[in-house]
Structure formats: structure tokens, C-alpha cells
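To start, the structure itself, in C-alpha cells.
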Amino acid sequence: MIGGCGVRRFLVSKENVRDSDFTHGVGGQGAGEGEDGTSMLIREARASDAAHLVRFINMAADDLPLHFWKGTVGPEGDPWALGRERAARDTGNFSFRNAWLAEVDGEVAGCLLGYPTEDAPGPIDPDTPAIFVPLLELEALAPGSWYLNVLATYEAFRGKGCGSALLAHAEDVAARAGRRSISLIAEDTHLDALRLYTAKGYHEVARRPVVKDDWRVDAREWILFAKSVG
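So this is what it looks like as C-alpha cells:
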């Protein structure tokens, strides 16, 4: 699932369940140069980027969001349309307002999506689908952190430094938001991602088994990572 510079990750938050080096600029934008000399820009996402955000979040999670959206809309509905609708909202964790896009030579190449977590997470709703419970358990182990939900790169742009640039941008955003740590969750099968996180100073906090139900995925464990920032 990982290749080149692309690091992919997805966590379904409580809100989703209910619905089901680089130069950074102030305000979530930065311009610089990729590892191969290409022009790179990191900008805030817009509502019109919803189609990109939906693709990135599904890439990051081996189609877990799509699997959930299919169950929500039923056989006659359009799960991709539901995803785009949610990404284009002004509110909610999975919103364009929590996302940044990397552009390489003017083309969308990668995505970062994240937000601050609750300082004191409440109990998990007993009606939460079992497939999401391990993720919420891990998220609760990093209260008050800035949670890096999605980090993904299109295949054509791997090897250009997008993943490292977006990861550095996430840490910058977290520090500016006054958060002292950043957290993320990765699947145990995403070996390139695990190596990158370790190389960038992230440490493993805890693991939980993946609950698959009828979601087809090779991963066996979710792994929570954290790093101090600021």
C-alpha cells in the first residue's frame, strides 16, 4: 500500500462513525522543491478538492471508508458521492478544512488530513461497529495530541519527497496549534510507512488487532505512534 514517498493512513473518528526538509508558510501553505528538483507546494484544501480527498482517504485505508460508505448508502446508493459530500462539508473531522494538499509542478500529488484530539476522550459508544473499536481505543491513548488521520500520495508522484514534506508540515501545524505531540495509526503491513515514522522520530505506543468482518485486508494489527513536537 505504500510506495516511494507516499505514506498512507486512515482512522475513523467518533464523528465519522456517527456519520459513519521543507519550507512552510503561516496559514497552512508552503512552497519548496522536491527531492528530484521538482516544484512543490503545500496548500490548504478546498471544498472543490473533495474528489481528491475521497481517493486519498481510501488509498490510505485499503478502502475501509468505501466499505463503510457502501453499507451506509445501500445497494442503490453511490458511496463515492457520499464520501465527496462529507469531504466538502465545513464541519466534522473528515472535512476539507482539516486537509492540506501537496502539488508537484501544479498537479495534486499528496494529501495530509489531521486535527486536534479531545483532551479527555469519552467512552466508546456501545453501538459503534466492531471494526472501528480498536481504532477508537488507540486514539484514546493519545489524548490532547494532534491526530494525523491521513497521509497519502498518488502513485505517479512517489519518490519526489511528498510524504516527508507532508509529514513535516503536519508537525508544523500541530506545533502552531499548541499541541505538544502528534499521533497517528498505521497498519502492521505498511512496512515503508513504519520505517519512515521510525526514521522521523515516532515511537510505538500500543497495538490492537484489526477487526475485519467482511472488509478484505491483509493487516493484522493497528499500531499507534506518537512524537513530541514544538
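In this text, residue positions in the sequence shown follow this note's numbering: the first is -15, and each later residue adds one. Just so you know, even glycine gets a beta-carbon here, dropped at the ideal spot from N, CA and C.
Taking the Cβ atoms as the reference, L66 lies roughly 23 Å from W84, outside the contact range of under 8 Å. Check the Cα spacing between K144 and each of V88, Y181, L180 and L208: the tightest is with V88.
Following the DSSP letters along the chain, one finds N42 inside the alpha helix (DSSP H) bounded by residues A34 to A44. The alpha-carbon separation between K196 and G94 amounts to approximately 27 Å. Per DSSP, G145 lies in no beta strand (DSSP E) and is assigned neither H nor E. From the listed residues A158, P105 and F80, the smallest Cα separation to R30 is found for F80.
By the C-beta criterion, the region 108 to 127 is judged to be in contact with the region 183 to 193, since at least 3 inter-stretch pairs fall below 8 Å. Per the C-alpha coordinates, the member of D176, D74 and A170 positioned closest to A203 is A170. The beta-carbon distance between L208 and A126, rounded to whole angstroms, is 7 Å. This is short enough to meet the 8 Å contact definition. For I26 against L150, the beta-carbon gap comes to about 7 Å, under 8 Å, which counts as contact. Between the beta-carbon of Y131 and that of G98 there is about 6 Å, and that keeps the pair under the 8 Å contact cut. Taking 9 Å as the cut-off, the Cβ atoms of A124 and V213 do not count as close. Within the same chain, I207, L208 and F209 come within 8 Å of E188 by CB-CB distance, once the 5 residues on both sides are set aside. Residues P63 of the same chain have their beta carbon placed closer than 6 Å to that of K54, with the five preceding and five following residues left out of the count. A distance below 7 Å between beta-carbons, with the five flanking residues on each side excluded, links R73 to the following residues of its chain, in chain order: S79. Here L85 carries a strand assignment [DSSP, helix/strand/coil]. Just so you know, the alpha carbons of D109 and A177 end up roughly 30 Å apart.
The beta-bridge partner set that DSSP reports for L168 consists of L132 and F209.
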